[in-house]
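In what follows, a structure is listed as structure tokens, so that the remarks can point back to it.
There are 2 protein chains.
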Amino acid sequence: MENTIAIPKGFYFLGKHIGIKKQKKDFGVVYSPEECSASAMFTKNQFCGEPIPIGREAIKDKCLQAFVVTSGIANVATGAVGRANAQKIVDKLANELEIPSQNILPSSTGIIGPQLPIDTILTGMDGVGDNLSRLNAKEFAEAIMTTDTKVKMHSIKVGGATLLGIAKGSGMIEPNMATMLVYLMSDAVVEKEEIHELLSNSVEKSFNSMSIDTDTSTSDTVALMTSNLYEVKKEAFAKALDELCLSLCKEIVKDAEGAKHTIEVTVTNCISKKEAKIIGKSIVNSPLVKTAVYGADPNWGRIIMAIGKVEEAHLDKDKLIIKLGEHIIFQNQQEITENFEKSKEYLQKNDEIKITVMMNTGVEEHTVYGCDLTEEYVEINGHYTT
Amino acid sequence: MENTIAIPKGFYFLGKHIGIKKQKKDFGVVYSPEECSASAMFTKNQFCGEPIPIGREAIKDKCLQAFVVTSGIANVATGAVGRANAQKIVDKLANELEIPSQNILPSSTGIIGPQLPIDTILTGMDGVGDNLSRLNAKEFAEAIMTTDTKVKMHSIKVGGATLLGIAKGSGMIEPNMATMLVYLMSDAVVEKEEIHELLSNSVEKSFNSMSIDTDTSTSDTVALMTSNLYEVKKEAFAKALDELCLSLCKEIVKDAEGAKHTIEVTVTNCISKKEAKIIGKSIVNSPLVKTAVYGADPNWGRIIMAIGKVEEAHLDKDKLIIKLGEHIIFQNQQEITENFEKSKEYLQKNDEIKITVMMNTGVEEHTVYGCDLTEEYVEINGHYTT
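Printed below as a string of structure tokens:
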């Protein structure tokens, strides 16, 4: 995929090893010489990382010029020292790039608890301004990885403009908002007044509809900067942003810790989008549904259990239809027995599983994204050492 | 434990193989010749089993004489045929015992979807009235088991009376109410006006504070019958009922599918009991906390993540203290490093893990019960066939 990545005009990148991790890249910068329109959304976790409040301040004027990311240590639960360290990184970068500190959005990802090796980082940052390049987007994408096994980058053309997204994330990912780190850049013209609504609409349909293990990270951030060089129709840009966010969302789910199948649950003909999302999440988060998909077992009983446990759902059992792929497995309050073997085969032969739940109580629908639960997930997280 | 079980006066039991399972016991009855004071609480899952609405009706007059349970097939999502089958079992038992149908509370547990082999069951029920015995409580306990590996029975003396509890359950167990099947019997005198409050108070502190995999079963039932032979102080009975429910709750958690450790999370000095319970559940349900306990990793970062993701929690990070066993691992916004190795050793050497979270924002507390997440849980549920 990297071969086909297009880079929007006006952005420069860096990804390098600075000394937080033993050997792998652990420091990344995205930079725009001109001030960009910008928006960002952050984790709702109350124990958020120390860079987050700095980012919240920075984004208030809807103007940014740089993202800076350290990986390996999350800078979470590090108190006043951690906050000061995050600010030192921002100030050092501001000095190197000769831009205001408040035009920089910082993030950190990795282990919770330890302090950053701040002296090592600051020394390693000497001269970063001279090492930025339009060719280094992939290096930036590598520098923000932790347990990810794959680089997650994607670009889309929209009119004369380009939209680029770079993401990381594979565990501790759930509902609330966020999800992981996602950096979106474009050279399209987007007004400051419109940028937040555009971003939040796309995030709701993608990252906020994704769930790997129901845990909500302390550092999740999705941020968008536009260098405002090419006029693009608002609707076209919105559509491209939706598509880009969904692609990155699917890449993250595919790379989820230990996952063998992705699961896409679409709840249709529902009384409201909100209810469709709650029901979808209940299904995609159910450990029993997740293990059934892993075992390629068309266990629709676990799906109806997960629907039924949503107390606020408007459920008419007589109208409910459940499909695995194209095969109706439950209708008229009973199993469609002739589709059982076909459903089993569908689960066995595909690694992107689609579950459709037709509530038939209304006209709204919503899709959520998740993955199965495997022994490997337990192994990765049972033996990841602090 | 079975050797020391005391049986309250006035109750007779039966547990036998009737032909739902291949060989194991799958049919059980508890019977009282006299009308008992009774209360019951059921799953809140909207896709509840077909016996549940019959039980809800039966309990309305707070009077019961029998429990009847089939295991192997849950009689869930079986529509009108399933409801009629549940009623046929009740009516047949009423006929055999010569008691009113509405004095019988039925349950079924097992696989969701298939219809009960009703003819086999009704034929097998011929003469059950003649095979009830005060000696067969253990046979009843065995007859209600599915994936359970251990019989779960416990009795307590309260004044001159006896309180007996028999339970089953090891997966698909979570919050809402219920949990599994729990039958409580006593020969104490309990007024009909008081029995529901007594039961619901005890259930809130035990079964409703327990969580194995966040999934809520479709058939959960907790029911209490008292044969009203011995006068006992209300407070003493309430205390004994609390103790009995907690013992059964801990036995269920210990027998959870694939679990290697039980986890008891006590949230203290909290602003309300409700908040303490929500925070406790967020911790005990977190897959990352569960796998950390499994791996004996004192990963307090995952605990603060689970606290922080409760958006409504009143959190003062400066006041928060986290203990693993007796060892403070987090205080004053940082790891208590000298306790790290002791905490690790505590996790390695114990299979009943206690996590204490001191919020220090108020005076209320609540304890919740759960277990770790292991490869074996995934294996059991990934390869359990419908």
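For the protein sequence lines, the chains are A and B, in the order given. Heads up: the first sequence runs through residues 3 to 388, numbered per the working numbering. Heads up: the second sequence runs through residues 3 to 388, numbered per the working numbering. Ideal placement from N, C-alpha and C gives every residue a C-beta, glycine not left out.
CA-CA distance, S34 of chain B to L200 of chain B, rounds to 21 Å. Between G84 of chain B and E52 of chain B, the C-beta gap is smaller than 7 Å, which places the two residues in contact. Think of a sphere of 7 Å around the beta carbon of E377 of chain A: the chain B residues whose beta carbon falls inside it are E377, V380, E381, in chain order. The three-state secondary structure of H329 of chain B, taken from DSSP, is strand. According to the DSSP secondary-structure assignment, Q117 of chain A is paired through a beta bridge with no residue. A straight line joining the alpha-carbon of W302 of chain A with that of S109 of chain B spans about 21 Å. Counting C-beta atoms within 10 angstroms of its own C-beta, P300 of chain B has 16 or more neighbours from the protein chains shown and is therefore classed as buried.
Following the DSSP letters along the chain, one finds A143 of chain A inside the alpha helix (DSSP H) bounded by residues 139-145. Sixteen is the threshold: since fewer than 16 other Cβ atoms of the shown chains lie within 10 Å of the Cβ of V365 of chain A, the residue is exposed. A308 of chain B and L248 of chain A have their alpha carbons spaced roughly 27 Å apart. Residue pairing by DSSP places S41 of chain B opposite B:L226 in a beta bridge. Sixteen is the threshold: when 16 or more other Cβ atoms of the shown chains lie within 10 Å of the Cβ of S213 of chain A, as they do, the residue is buried. Using beta-carbon distances, E259 of chain B does not count as an interface residue toward chain A, since no partner is under 7 Å. Counting along the chain, the unbroken beta strand (DSSP E) around H156 of chain B starts and ends at 154-160. A:G30 is the residue among A:G30, A:C38, A:G161, A:N47 whose C-alpha sits nearest the C-alpha of N133 of chain A. Scanning A:P55, A:A258, A:I281 for the CA closest to the CA of C373 of chain A turns up A:A258.
Below 8 Å, enough C-beta pairs join the region 68-86 of chain B and the region 117-137 of chain B to call them touching: three or more. If you check each beta-carbon in the region 52-81 of chain A against every beta-carbon of chain B, the ones closer than 9 Å belong to A76, V78, A79, T80, G81. Around the Cβ of T339 of chain A, a 10 Å sphere holds fewer than 16 other Cβ atoms; the residue is exposed. For L107 of chain B, the pairing in a beta bridge is given by DSSP as B:F69. F49 of chain B belongs to the set of residues whose beta carbon lies under 7 Å from a beta carbon in chain A.
The C-beta distance from A190 of chain B to V160 of chain B rounds to 6 Å, short enough to meet the 8 Å contact threshold. DSSP places G84 of chain B in the uninterrupted alpha helix (DSSP H) bounded by 81-99.
At least one beta carbon of chain A lies nearer than 7 Å to the beta carbon of E313 of chain B. Out of B:P10, B:G21, B:C272, B:Q48, the CA that lies nearest to the CA of V312 of chain A is found in B:Q48.
Inter-segment contact for the region 282-290 of chain A and the region 333-347 of chain A is absent: fewer than three beta-carbon pairs are separated by less than 8 Å.
If you ignore the 5 residues before and after N352 of chain A, its C-beta comes within less than 8 Å of the C-beta of H263, G327, all in its own chain and listed in chain order.
With its beta carbon at least 7 Å from every one in chain A, K344 of chain B lies outside the interface. In this structure, the CA atom of I56 of chain A is about 33 Å from the CA atom of K276 of chain B. T339 of chain B carries a helical assignment under DSSP once its states are collapsed to helix, strand and coil. Per DSSP, N271 of chain B lies in no alpha helix (DSSP H) segment; the continuous beta strand (DSSP E) that holds it begins and ends at 264-272. Taken through DSSP and simplified to helix, strand or coil, A242 of chain A comes out as helix. C-alpha of R136 of chain A to C-alpha of F69 of chain A: approximately 15 Å in a straight line. Boundaries for S188 of chain B: no alpha helix (DSSP H) harbours it, while the beta strand (DSSP E) harbouring it runs 183-190, taken from the DSSP string. In the three-state DSSP reduction, K351 of chain B falls in the helix class (H, G or I). Nearest neighbour of S41 of chain B by Cα position, chosen from B:I265, B:K26, B:S188, B:V234, turns out to be B:S188.
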